[in-house]
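Asks: Handing you a structure now.
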Amino acid sequence: MTGTSEARAGTPPAGRGRRERLRAETTAEIKATALRLMASGGPDAITLRAIAREMGMTANAIYGYFATRDDLVTTLIDDVYSALADAVDTAWANTPAEDPAARILAWSRAFRGWALANPEGFRLIYGDPVPGYRAPEGGPAPDAARRVCTGLAGLAAAAWPHAEPLYRDSTFAWSDFDAGLLDKVRPAFPDLPPAAVALALRVWGHLHGLVTLEVYGHLRRQTASPDKLFQEELDQLLRTLDVPRP
Numbered sequence: 005m006t007g008t009s010e011a012r013a014g015t016p017p018a019g020r021g022r023r024e025r026l027r028a029e030t031t032a033e034i035k036a037t038a039l040r041l042m043a044s045g046g047p048d049a050i051t052l053r054a055i056a057r058e059m060g061m062t063a064n065a066i067y068g069y070f071a072t073r074d075d076l077v078t079t080l081i082d083d084v085y086s087a088l089a090d091a092v093d094t095a096w097a098n099t100p101a102e103d104p105a106a107r108i109l110a111w112s113r114a115f116r117g118w119a120l121a122n123p124e125g126f127r128l129i130y131g132d133p134v135p136g137y138r139a140p141e142g143g144p145a146p147d148a149a150r151r152v153c154t155g156l157a158g159l160a161a162a163a164w165p166h167a168e169p170l171y172r173d174s175t176f177a178w179s180d181f182d183a184g185l186l187d188k189v190r191p192a193f194p195d196l197p198p199a200a201v202a203l204a205l206r207v208w209g210h211l212h213g214l215v216t217l218e219v220y221g222h223l224r225r226q227t228a229s230p231d232k233l234f235q236e237e238l239d240q241l242l243r244t245l246d247v248p249r250p
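Position in the sequence shown counted from 1, then plus 4, gives you this note's numbering.
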């Protein structure tokens, strides 16, 4: 009898386990519904009442999962931003450190691939703001933002041994950058000079610009080969960084 009691001591009651599972499933459905509403109606379509209506729930029932619309939006941003950070971090980790071009290509392709597979998530992070949304202090996804930011700095750091001679005339100083950006970048890459941080931002412009045009559908009428366009942009980027191709 004692052994049986001890074996069961750490097991939650069946009813509680079922309730927790149902709560997790409903929470996931609320978040999926919010992204679906955003895809069809834009960021201002994310309201708890609209989600409740779509799910056949009462508005009061939704409030049992998210106290406010802003709580839901914060959770959504943290979820999708973390998924993006996971994707690019994995791509980076799976390429050899001694091959900077391969690392830049892998990170960039992972960024685009995630964005195209998750357009609503991309728009939530980088696109139209949700009207009236007030982010918590420190931002809605501080860890994911730091990881993506340091990932971009990592691209510049990987290229810098090759690119440095091209930027010897750079006039950038630390005072040219936001303190929040430097708080993320400098601890991760203490040897990078200001010119390399500026380079990271320009690399970001190359990648983000084309991907945003593609996610928002602006390239559809101009080209049937956006993947080829993106690859040529990466090739040109490597040439401007003087990084040898793999």
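Just so you know, even glycine gets a beta-carbon here, dropped at the ideal spot from N, CA and C.
Owing to the predicted nature of the structure, the values given are computational and were not obtained by experimental measurement.
Leu109 and Ala161: beta carbons closer than 8 Å?
Replies: Going by C-beta atoms, Leu109 is not nearer than 8 Å to Ala161.
Asks: Which complete alpha helix (DSSP H) runs does the stretch 15 to 64 hold, if anything under 4 residues is left out?
Replies: Taken in chain order, the complete alpha helix (DSSP H) segments of 4 residues or longer contained in the stretch 15 to 64 are 18 to 45, 52 to 59.
Asks: Please confirm whether Val247 and Ala105 have their CB atoms less than 8 Å apart.
Replies: yes
Asks: Please tell me whether Arg249 and Leu242 are closer than 8 Å, where the distance is taken between their beta carbons.
Replies: yes
Asks: Report yes or no: do the stretch 167 to 187 and the stretch 65 to 79 share at least 3 C-beta pairs separated by less than 8 Å?
Replies: no
Asks: Within its chain, find whatever has a CB closer than 8 Å to the CB of Asp93; leave out the 5 residues flanking it on each side and keep chain order.
Replies: Arg151, Gly155
Asks: Given a threshold of 16 other Cβ atoms within 10 Å of its Cβ, counted over all protein chains shown, does Tyr67 qualify as buried or as exposed?
Replies: So Tyr67 ends up on the exposed side.
Asks: Quick check: what's the CA-CA separation for Trp118 versus Gly131?
Replies: 15 Å
Asks: Would the beta-carbon of Ala54 fall within 8 Å of that of Leu41?
Replies: yes
Asks: Return the CA-CA distance between Thr244 and Ala202, expressed in angstroms with no decimal places.
Replies: Approximately 14 Å, taken between the alpha carbons.
Asks: Is any heavy atom in the ligand GDP found nearer than 7 Å to the beta carbon of Leu80?
Replies: Within the structure as shown, the ligand GDP is missing, as the structure has no ligands at all.
Asks: Would Glu124 be called buried (16 or more neighbouring beta carbons within 10 Å of its own) or exposed?
Replies: buried
Asks: On the premise that Thr31 lies in contact with Tyr69, defined as a C-beta separation below 8 Å, what is that separation, rounded to the nearest angstrom?
Replies: That belief holds up - the Cβ atoms of Tyr69 and Thr31 are roughly 6 Å apart, short of 8 Å.
Asks: So Ala200 packs on Trp164, CB below 8 Å; how close in whole Å?
Replies: That belief holds up - the Cβ atoms of Ala200 and Trp164 are roughly 5 Å apart, short of 8 Å.
Asks: Roughly how many angstroms separate the alpha carbons of Pro198 and Glu168, rounded to a whole number?
Replies: 11 Å
Asks: Beta-carbon separation of Ala63 and Ala71 under 8 Å?
Replies: no
Asks: Taking the alpha carbon of Gly1 as the point to measure from, which residue in Trp111, Leu128, Asn122 has its own alpha carbon closest?
Replies: Residue numbering for the chain in the displayed model covers 5 to 250; residue 1 lies beyond these limits and cannot be assessed.
Asks: With DSSP as the reference, label Leu223 as helix, strand or coil.
Replies: DSSP places Leu223 in coil when its eight states are reduced to three.
Asks: Please report the residue range of the alpha helix (DSSP H) in which Leu245 lies.
Replies: 230 to 245
Asks: For the alpha helix (DSSP H) containing Pro165, name the first residue and the last one.
Replies: Going by DSSP, Pro165 is part of the alpha helix (DSSP H) stretching over 146 to 167.
Asks: Quick one: measure Cβ to Cβ for Phe126 and Val189, integer angstroms, because I've assumed they're closer than 8 Å.
Replies: Actually they are not in contact, since the Cβ atoms of Phe126 and Val189 sit about 23 Å apart, beyond 8 Å.
Asks: Measure the alpha-carbon distance for Tyr137 versus Glu58 and round it to whole angstroms.
Replies: If you take the alpha carbons of Tyr137 and Glu58, they lie about 21 Å apart.
Asks: Assuming Asp48 and Pro135 are in contact, meaning their beta carbons sit under 8 Å apart, how far apart are those beta carbons, in whole angstroms?
Replies: 5 Å
Asks: Alpha carbon to alpha carbon, how far is Ala101 from Ser112?
Replies: 16 Å
Asks: Just to confirm my understanding: we take Leu211, look at its own chain, exclude 5 residues before and 5 after, and list those with CB closer than 7 Å. What are they?
Replies: Ser112, Phe115
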